[in-house]
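Colleague:
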Amino acid sequence: MPRRIQTSLCALWLGAFFIAPLTLTGCAQSHEANITKDNSAENIPDIDPPHLHRDGNLLFAAQPDETTIQTLPSEGVTTVINFRTQSEMDERVPFDEADIVTNAGMQYIHIPLGGGVDEEPGYDPEDVDRLAEVLDRAQGNVLLHCASGGRARTIWTAYLIKYKRLSERDAIFRAQRAGQPPSSLDRLLGRESVYEPIEDDK
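My numbering puts the first residue of the sequence shown at 14, with every later residue one more than the last.
#1: Determine the DSSP secondary structure at Y172, reduced to helix, strand or coil.
#2: Beta strand (DSSP E) containing Q120: first to last residue?
#3: Between T84, L173, N154, K177, which has its C-alpha nearest R67's C-alpha?
#4: Taking only runs that begin and end inside the stretch 82-113, name each unbroken alpha helix (DSSP H) of 4 or more residues, in chain order.
#5: With H, G and I counted as helix, E and B as strand and the rest as coil, what does DSSP make of R164?
#6: From S119 to V90, what does the alpha carbon distance come to, in whole angstroms?
#7: Using CA coordinates, which residue listed in E104, K177, T115, E146 is at the minimum distance from V93?
#8: On the DSSP letters alone, give me the boundaries of the beta strand (DSSP E) that L157 sits inside.
#9: Restricting to Cα atoms, I'd like to know which of A74, L173, N70, D61 is closest to A165.
#10: For K177 and P194, what's the separation of their Cα atoms in angstroms?
#11: Can you tell me which residues form a DSSP beta bridge with L71?
#12: Count the other CB atoms within 10 Å of the CB of K50; is the residue buried (16 or more) or exposed (fewer)?
#13: Helix, strand or coil for S197, going by three-state DSSP, please let me know.
#14: Which residue wins for smallest C-alpha separation from H158, given the options D59, I60, L72, D61?
#15: Just to confirm the assignment, what range does the alpha helix (DSSP H) spanning R143 have?
#16: Could you pull the start and end residues of the alpha helix (DSSP H) that A188 belongs to?
#17: Which same chain residues, not among the five before or five after I174, have their C-beta less than 8 Å away from its C-beta?
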């Protein structure tokens, strides 16, 4: 066989040997990426009915499920305040909370509290002012929630200090009484709470 033909056949054989696995690998990676993308909706966790903590006309909860939202009017709730960021709602909540709340005859208020990273909102004094405005105008019971209830009780603690003139000690204890766990510092030091009950609790 002429040397030129042998060289051409050798080149074709080497090309098939090296290129074909790369092509198959690329297909496998593309298929795997598609599987991950297709299953992304399944990664959204189911939302269980939350436990409701009460302080007067205020109720605090983790993210409520659809059924809980629809039953809130029977608890006298007229306003729902959500402190989750919009990106959280879009990524983690598989229903339109605002629609469900308004269709149930309640007012929906969104005061997003985040980490202040990139375009996400942070924790600002204006958020406390907004909460005070909503609570001042609200009739009936009000549900405050975020993902776990922690942000809802934290901003309420700031409201108690700023607008109700409670000491920081009494405001934090009152939040704990409404379901807020002891602070990370308390937990690290092995103490349940450093706060004494306020007078009307003794």
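No residue lacks a Cβ here, since even glycine has one placed at the ideal position from N, Cα and C.
Modeller: Quick look at the numbers:
#1: helix
#2: 120-123
#3: Comparing alpha carbon positions, the residue from T84, L173, N154, K177 closest to R67 is N154.
#4: Every unbroken stretch of the alpha helix (DSSP H) spanning 4 or more residues and falling wholly within the stretch 82-113 is given here in chain order: 99-105.
#5: Here R164 carries a helix assignment [DSSP, helix/strand/coil].
#6: In the sequence as presented, Ser is not what sits at residue 119; that position holds Met. Looking at the two C-alpha atoms, the distance is approximately 7 Å.
#7: T115
#8: 154-158 is the span of the beta strand (DSSP E), which, as asked, contains L157.
#9: Measuring from the Cα of A165, the nearest candidate turns out to be A74.
#10: 22 Å
#11: D68, V155
#12: The predicted position of K50 is uncertain, since its pLDDT is 31 and thus under 50; no value can be drawn from it.
#13: helix
#14: Residue L72 is the option with its Cα nearest to H158.
#15: 138-150
#16: 181-190
#17: S180, E181, A184
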